[in-house]
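Chemist:
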Amino acid sequence: MINREQFLKTIKSNINRNQYHVTLIAGDGIPRFAYTIGLKDQVNVELIFAGGEYFSANEINELFHRIGSFLETNPNGVEIDIPLLGSFSLVKVHPSWSKLLMLGVYDYFQVSEFNALQILPDAEHHTLDVPDLSKEFDTKAEPVWKWLIDEWNYSVPRDSKVVTNLAALKGEKITEIMRWEKSEWEMFAGPGPDVPKEQMRIVSLGTLLGIDQTLVPSMNLKIGKGLWRDHVDLIWNDWG
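Under the working numbering, the first residue of the sequence shown carries the number 607, and numbering increases by one thereafter.
(1) Which partner residues does H671 have in the DSSP bridge list?
(2) Could you pull out every residue in the same chain whose Cβ sits closer than 8 angstroms to the Cβ of V762, ignoring the five residues on either side in sequence?
(3) Mind checking E792: buried by the 16 CB within 10 Å criterion, or exposed?
(4) Indicate the three-state DSSP secondary structure (helix, strand or coil) for H731 in the structure shown.
(5) Pick from S740, A747, V736, L815: whose alpha carbon is nearest that of N759?
(6) Output the distance between the C-alpha atoms of S718 and Q805, rounded to the nearest integer angstrom.
(7) Let me check one thing: in DSSP terms, what residues is S810 bridge-paired to?
(8) For Y660, collect the residues of the same chain with a Cβ closer than 6 angstroms to its Cβ; drop the 5 residues on either side in sequence, then sort them by chain order.
(9) Can you check the region 688 to 721 for any alpha helix (DSSP H) of at least 4 residues that lies completely inside it and give the ranges in chain order?
(10) Give me, in chain order, the residues of the same chain whose beta-carbon lies closer than 6 angstroms to that of E748; leave out the 5 immediate sequence neighbours on both sides.
(11) May I have a chain-ordered list of the beta strand (DSSP E) segments no shorter than 3 residues that lie completely inside the region 774 to 839?
(12) Look at L840 and T820 and say whether their C-beta atoms are less than 8 angstroms apart.
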């Protein structure tokens, strides 16, 4: 486990070298998210990108770089087009979210409040793990993020992972499930063998349960077993 003092030194070093540090968090039953620490000294805001599995970690870093530079000359800008990545909106983050997701900013600067903007992807690149951070945190409105505060109440490990596809993350119903390990599944919208590698993503099981509660039976599968269903009647059947 990283020593807190060493972690703060790393943040300071990155701020001195790059003007800001990026913290990326993944796992523990919730979607991946990333945020800046230190950008506020240049543009008076920190940035956060929550969910958005359409994008890789490297692409998120590029977003922070491009949008940070954009805000230096457009401090009130709310929309930006970035070639090859898409169009993005900047939305003010409600403090209830920043206090849950951006603890590093509070800790490093020892502040009680700060300005934060959420980077929102356009409709083409939107996935259902992207929350609306402009509204007060509410588990009913954002069930994908409920495990930020709720106790994990399932028999499988909280850090369970699922290989899935972008179609499922964009709202198409998952029709095939296989459990390969104690905490590893595959869940695809459409035939798994037909999913291109570039369309595959690894997400937390909690993320997909937040999107679709009808996936709960997958947790009762024995290792090596699976389920399938038609995308119309949505009734689960044993595989094979």
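Glycine included, each C-beta is placed from N, C-alpha and C at the ideal position.
Modeler: So, from the data block:
(1) Along the sequence shown, read from residue 1 onward, the residue named residue 671 stands at position 65. Looking at the DSSP assignment, H671 forms no beta bridge with any residue, so it has no partner.
(2) In the sequence shown, counting from the first residue as 1, residue 762 sits at position 156. Within its own chain, the residues whose Cβ lies closer than 8 angstroms to the Cβ of V762, once the five positions on either side in sequence are excluded, are K788, S789, L811, M825, listed in chain order.
(3) Here residue 792 corresponds to residue number 186 of the sequence shown, with the count starting at 1. Sixteen is the threshold: when 16 or more other Cβ atoms of the shown chains lie within 10 Å of the Cβ of E792, as they do, the residue is buried.
(4) Within the sequence shown, numbered from 1, the residue matching residue 731 stands at position 125. DSSP places H731 in the helix class (H, G or I) of the three-state scheme.
(5) Reading the sequence shown from its first residue, position 153 is the one you call residue 759. Comparing C-alpha distances from N759 to each of S740, A747, V736, L815 shows the shortest one belongs to L815.
(6) On the sequence shown, position 112 is the one that residue 718 refers to. On the sequence shown, position 199 is the one that residue 805 refers to. Taking the straight line from one Cα to the other gives about 40 angstroms.
(7) Along the sequence shown, one-based indexing puts residue 810 at 204. DSSP lists K767 as partners of S810.
(8) Taking the first residue of the sequence shown as 1, we reach residue 660 at position 54. Contacts found: H731, T733.
(9) Listed in chain order, the complete alpha helix (DSSP H) runs (minimum 4 residues) inside the region 688 to 721 are 701 to 707, 709 to 715.
(10) Position 142 of the sequence shown, counted from the first residue, corresponds to residue 748. So the qualifying residues of the chain are P737.
(11) Considered as a whole, the region 774 to 839 harbours 782 to 787, 790 to 794, 806 to 810, 832 to 834 as its complete beta strand (DSSP E) runs of no fewer than 3 residues, in chain order.
(12) For the purposes of this step, residue 840 is identified with residue 234 of the sequence shown, where counting begins at 1. For the purposes of this step, residue 820 is identified with residue 214 of the sequence shown, where counting begins at 1. Remark: C-beta atoms of L840 and T820 approach each other more closely than 8 angstroms.
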